[in-house]
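Novice:
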Amino acid sequence: MTTLTPAALQALRQLVGRHIEMRDPDLALLAEASHEKPFRKGETFLAAGEPARVCGLVIEGMHGEFYVLPNGSRKAKWLARPGDVFGSLEDLVREGPARSTIEALSDGRVLCVPYHRLRELALQQPLWAAFFVSLLESLYRQKSEREYSLLMLNAEDRYQWFLDHYGGLEGSVSLEIVASYLGISAVHLSRVRAARSRPAD
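147 is the number that our numbering gives to position 139 of the sequence shown; each next residue is one higher, with no gaps.
#1: Can you grab the Cα-Cα spacing for the pair Leu119 / Pro33, in whole Å?
#2: Contact check, Gly57 vs Ala106 under 8 Å by CB: the rounded distance?
#3: Exposed or buried, Leu113, counting other C-beta atoms within 10 Å across all chains shown (16 or more means buried)?
#4: Name the DSSP beta bridge partners of Trp86, please?
#5: Per the DSSP calculation, Pro59 is bridged to which residue(s)?
#6: Considering only the beta carbon of each residue, do Leu54 and Ala19 sit closer than 7 Å?
#7: Using the DSSP secondary-structure output, state which residues sit across from His43 in a beta bridge.
#8: In whole angstroms, what is the alpha-carbon distance linking Met9 and Ala36?
#9: Taking the alpha carbon of Ala88 as the reference point, which residue from Pro59, Leu177, Ile28 has its own alpha carbon closest?
#10: Which residues share a DSSP beta bridge with Thr52?
#11: Could you have a look at Leu135 and say whether DSSP puts it in helix, strand or coil?
#12: Using CA coordinates, which residue listed in Glu145, Ile110, Glu153 is at the minimum distance from Gly50?
Below, the structure written as structure tokens:
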């Protein structure tokens with residue numbers, strides 16, 4: 009079907025399968041345009057200022073999307089685990105220099121999918137259009153839920169939300185990144201965690 013490794017092909021098949029039913033010959037249209045790439049922790053997938061052209065599907069490891077401030081500090085925008093899609097949709101759609109930076113938060117592997125090919129397939133074939141719409145709706149729901157947590161929940165509830173969604177990976181991400189993702193300081197997050205660990209009176 010393609011030169012992708014079995015793990016990469018399975019990750020792509022599972023992603024598509026979460027949205028629509030698709031036969032292998034149809035899946036091959038996207039698989040053949042994609043490639044697999046290993047990443048070391050700290051390695052950049054996309055740097056701010058570069059053109060955004062590729063989506064990523066995490067096979068192994070974890071990636072984070074950040075806005076980098078002039079002083080070098082970072083604001084966490086998105087976290088992607090195995091099976092998750094990432095790629096700064098805003099930058100892909102705008103077709104301009106990327107505003108965000110995406111980097112590996114651990115060693116791992118990513119399936120790199122050309123956004124133009126995915127969009128091309130969606131415009132040409134109803135099956136791929138259904139997948140494209142379902143994927144975008146899923147990403148929108150995830151981002152809207154995170155926006156709600158940032159605007160409507162207090163720090164304690166935001167941390168619980170993080171545990172519900174990313175609890176298994178908490179030890180793999182620095183305290184600073186988790187705090188930034190929750191929109192609070194690392195000191196505040198430490199207090200929240202300490203309060204949770206204290207036995208109830």
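For each residue, glycine too, the CB sits at the ideal point set by N, CA and C.
Specialist: Taking the coordinates as given:
#1: In this model, Leu119 and Pro33 are separated by some 18 Å (Cα to Cα).
#2: Indeed, because the Cβ distance is near 7 Å, the residues count as touching under 8 Å.
#3: Per the 10 Å Cβ criterion, buried.
#4: Trp86 pairs with Glu73.
#5: Under DSSP, the beta-bridge partners assigned to Pro59 are Pro105.
#6: No. Outside cutoff.
#7: DSSP, once it has assigned bridges, lists Cys120 as partnering His43.
#8: Residue confidence is low: Met9 scores 44 on pLDDT, short of 50, so the model does not pin down where it sits. Its coordinate-derived value is still stated next. Between Met9 and Ala36, the alpha-carbon positions lie close to 6 Å from each other.
#9: Checked all of Pro59, Leu177, Ile28; the closest Cα to Ala88 is Leu177.
#10: For Thr52, which the question treats as bridged, DSSP gives the partners Glu111.
#11: Looking at Leu135 - three-state DSSP - the assignment turns out to be helix.
#12: With distances taken between Cα atoms, Gly50 lies closest to Ile110.
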